[in-house]
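Letter by letter, the sequence shown follows residues 3 to 464 of the numbering used here.
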Amino acid sequence: MSRLLSTLLGAGGSSSSGGGASMSPSDISKCTNAMEFIRGCDSDVDVIFAASSGSDATCASTAVAGASAGVGRDGGSQHVPGPGAATAREDSTPPSQEPTIDTLSIRLSRIKELLYADKNKSKDSISANAPTFAQNITSAIIRSQSIIFPKMIHLLSSPPPHNLPFEARKDVAAVFNYLLNSNTTVRAFTPDKGEEFMASFELHVLEHYHAIMKATLRGFDSEYTESPDTALLCGGMYRSTLRHELLYRKLLGSCAQQHQRQDAHDATNCAEAYLYPLMDKLVFVPNFDVASDALSTIREVLVPSSQQTISSVNNLQTLSIIASEFLQQNYTIIMPKLNTMLSCENYITKRLSLKLLSEILLDRSNFNVMMQYISSRDNLRQIMLLLRDPSGNIQLEAFHVFKIFVANPNKPREICKILFDNKVKLAAYLQGFHVEKERNDGQFRDEKTLLIRTLNGLDEVL
Numbered sequence: 003m004s005r006l007l008s009t010l011l012g013a014g015g016s017s018s019s020g021g022g023a024s025m026s027p028s029d030i031s032k033c034t035n036a037m038e039f040i041r042g043c044d045s046d047v048d049v050i051f052a053a054s055s056g057s058d059a060t061c062a063s064t065a066v067a068g069a070s071a072g073v074g075r076d077g078g079s080q081h082v083p084g085p086g087a088a089t090a091r092e093d094s095t096p097p098s099q100e101p102t103i104d105t106l107s108i109r110l111s112r113i114k115e116l117l118y119a120d121k122n123k124s125k126d127s128i129s130a131n132a133p134t135f136a137q138n139i140t141s142a143i144i145r146s147q148s149i150i151f152p153k154m155i156h157l158l159s160s161p162p163p164h165n166l167p168f169e170a171r172k173d174v175a176a177v178f179n180y181l182l183n184s185n186t187t188v189r190a191f192t193p194d195k196g197e198e199f200m201a202s203f204e205l206h207v208l209e210h211y212h213a214i215m216k217a218t219l220r221g222f223d224s225e226y227t228e229s230p231d232t233a234l235l236c237g238g239m240y241r242s243t244l245r246h247e248l249l250y251r252k253l254l255g256s257c258a259q260q261h262q263r264q265d266a267h268d269a270t271n272c273a274e275a276y277l278y279p280l281m282d283k284l285v286f287v288p289n290f291d292v293a294s295d296a297l298s299t300i301r302e303v304l305v306p307s308s309q310q311t312i313s314s315v316n317n318l319q320t321l322s323i324i325a326s327e328f329l330q331q332n333y334t335i336i337m338p339k340l341n342t343m344l345s346c347e348n349y350i351t352k353r354l355s356l357k358l359l360s361e362i363l364l365d366r367s368n369f370n371v372m373m374q375y376i377s378s379r380d381n382l383r384q385i386m387l388l389l390r391d392p393s394g395n396i397q398l399e400a401f402h403v404f405k406i407f408v409a410n411p412n413k414p415r416e417i418c419k420i421l422f423d424n425k426v427k428l429a430a431y432l433q434g435f436h437v438e439k440e441r442n443d444g445q446f447r448d449e450k451t452l453l454i455r456t457l458n459g460l461d462e463v464l
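If you want it as structure tokens, here you go:
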């Protein structure tokens with residue numbers, strides 16, 4: 003362990019093949035020093051920000067402003083270096099190195115190469131005492147107190163000529179996702195008292211959560227970028243944060259419960275800032291890929307069981323409980339947004355929103371949410387209209403929600419009245435409903451038969 007610690011602490015030392023700002027591309031391609039990579043990337047990004055137009059420089063400064071007061075390792079307020087250093091550089095004469103974007107791209111490519119080289123090594127070939135490159139990079143980021151990721155993610159959506167080329171944008175996302183999902187833990191020390199603690203990239207993201215999420219959400223928005231590829235990369239990074247309990251709690255507003263106290267300097271409603279814009283705006287954009295990606299992200303937020311990459315059953319159960327509590331507490335906010343999405347003329351938005359609604363209602367953790375939803379006559383009327391949608395796929399998704407209303411043994415009086423008044427028409431319609439699927443799908447056939455029988459057996463509501 004002492005060898006591991008000394009190696010990690012030595013990651014910031016000088017190196018003859020270092021990747022500092024003055025190194026040539028050929029030297030960078032040979033570099034293995036993590037601290038030099040982080041310092042070099044920081045320097046490159048500051049030069050790019052300084053060379054940006056006034057409007058973009060302002061946006062950049064705003065995007066990383068949230069990093070100046072983050073959540074510490076114990077969940078409380080912890081002052082960390084903000085964008086002051088970068089701002090000071092922007093106010094001074096910009097460096098004269100023009101090929102900075104190319105240099106940053108080379109550094110990112112090399113970092114990704116070294117990370118995935120470690121991943122592809124067999125366990126037998128890795129010494130138990132030797133830190134991985136992911137550990138070295140994580141240690142370098144924490145030791146330097148760098149806010150490089152908020153700034154680099156912001157660059158994904160910067161306008162030309164200050165935006166990163168496509169391959170470099172992919173590398174930013176790949177490195178971020180790798181470090182976050184590798185669950186790498188390193189030893190670190192508090193800068194004031196020198197107290198030792200275990201740090202990770204997850205905690206680093208939590209510490210700079212607002213700056214990272216603001217930059218990520220910016221990459222979705224066509225106001226800042228016309229590239230769907232950027233939106234998809236930002237969507238992937240957003241979803242990577244959802245696989246970690248601390249970050250998931252942060253988004254859905256239960257971080258205070260986790261740490262038993264609220265950070266007095268952090269009054270941001272994270273769901274309002276980073277989830278609701280997806281539901282209010284981004285699912286309605288005309289670009290198919292961007293709208294679909296936004297819907298996929300919403301689905302993973304509200305239905306954690308849809309995340310295929312969660313390996314721990316206990317972790318999945320915990321996330322499901324958090325999501326259920328969030329839906330119950332925010333039902334009057336979430337459901338109107340979902341109903342608006344269901345009324346959208348955009349086919350993919352309407353269909354995927356129906357599928358999302360069905361998954362929410364049929365999740366066992368959401369029993370109270372389901373009962374509240376199926377007790378509303380307005381909700382029933384909307385689903386009955388969607389049963390008659392011209393699209394067969396939307397009809398089927400609506401069917402899976404409609405059956406919950408009918409199967410409820412404790413229907414409210416107003417729900418019984420609507421179903422009774424329309425039972426003849428509904429039963430007749432269901433008789434000819436997707437006959438071809440009925441022949442090939444036994445479960446669908448049984449559900450359909452049960453619904454028709456239940457409708458026919460309804461008594462008049464007095």
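Built from N, CA and C at the ideal position, the CB exists for glycine as well.
Q. If you draw a straight line from the alpha carbon of Asp265 to that of Glu209, how long is it in whole angstroms?
A. With a pLDDT of 49 at Asp265, under the threshold of 50, the modelled position of that residue is not reliable, and no figure is offered here.
(Q) Buried or exposed, going by whether 16 or more other CB atoms sit within 10 Å of the CB of Leu205? (A) buried
Q: With DSSP as the reference, label Thr34 as helix, strand or coil.
A: coil
Q.
Using CA atoms only, rank isn't needed, just tell me which of Gln374, Leu432, Arg447, Leu389 is closest to Lys413.
A. Gln374
Q. What's the C-alpha gap between Arg171 and Leu358?
A. 30 Å
**Q.** Through-space distance from Asn458 to Val426, alpha-carbon basis
**A.** 7 Å
**Q.** Spatially closest choice to Phe286 from Thr342, Thr187, Val403, by CA coordinates
**A.** Thr342
Q | Three CB pairs or more closer than 8 Å across the stretch 378-395 and the stretch 321-334 | A | no
(Q) When you compare the CB positions of Phe222 and Ala233, do they come within less than 8 Å of one another, or not? (A) yes
Q | Neighbour-count burial assignment, Pro306, 16 or more Cβ in a 10 Å radius | A | buried
Q.
Between the alpha carbons of Ala53 and Glu361, how many angstroms are there, rounded?
A. 48 Å
Q) Say the cut is 7 Å; is the CB of Arg41 nearer than that to a heavy atom of the ligand MN? A) The ligand MN is absent from the structure shown, which contains no ligands of any kind.
Q. Rounded C-beta distance between Leu453 and Lys419? I'm assuming under 8 Å.
A. Going by Cβ atoms, the distance from Leu453 to Lys419 rounds to 18 Å, so no, they are not a contact pair.
Q) Expressed to the nearest angstrom, what Euclidean distance is found between the alpha-carbon atoms of Phe168 and Tyr276? A) 25 Å
Q) Where do the ends of the alpha helix (DSSP H) carrying Arg251 lie? A) 247-254
**Q.** Helix, strand or coil at Val287 according to DSSP, with G and I counted as helix
**A.** coil
**Q.** Arg220 (DSSP reduced to helix, strand or coil)
**A.** helix
Q: Determine the DSSP secondary structure at Val463, reduced to helix, strand or coil.
A: coil
Q | Cα-Cα separation between Leu248 and Arg220, rounded to whole angstroms | A | 22 Å
Q: With DSSP as the reference, label Val403 as helix, strand or coil.
A: helix
Q: Note down the Cα distance separating Ile50 from Val207, rounded to an integer number of angstroms.
A: 23 Å
Q | Member of Leu304, Val303, Glu302, Met281 whose CA lies at the smallest distance from the CA of Ala293 | A | Met281
(Q) Taking 8 Å as the threshold (C-beta atoms), are Gly255 and Thr299 in contact? (A) no
**Q.** Test item: CB-CB of Ser146 and Val188 under 8 Å
**A.** no
Q. Thr451: which of Gly434, Pro101, Pro230 sits nearest, CA to CA?
A. Gly434
Q: Find out if the Cβ-Cβ distance for the pair Met239, Thr270 is shorter than 8 Å.
A: no
Q | Anticipated Cβ contact below 8 Å, Leu235 with Phe203, distance rounded | A | With a Cβ gap of about 18 Å, Leu235 and Phe203 do not count as contacting.
Q. Between the Cα of Glu399 and the Cα atoms of Ala36, Pro411, Ala409, Met386, which residue gives the shortest distance?
A. Met386
Q: With a cut-off of 8 Å on the beta carbons, I'd call Ser148 and Asp44 a contact; round off their distance for me.
A: 6 Å
Q.
Let me confirm a value: Lys121 is counted as buried when at least 16 other C-beta atoms fall within 10 Å, else exposed. Which label applies?
A. exposed
Q.
Is it buried or exposed, Phe401, if we count other Cβ atoms within 10 angstroms and call 16 or more buried?
A. buried
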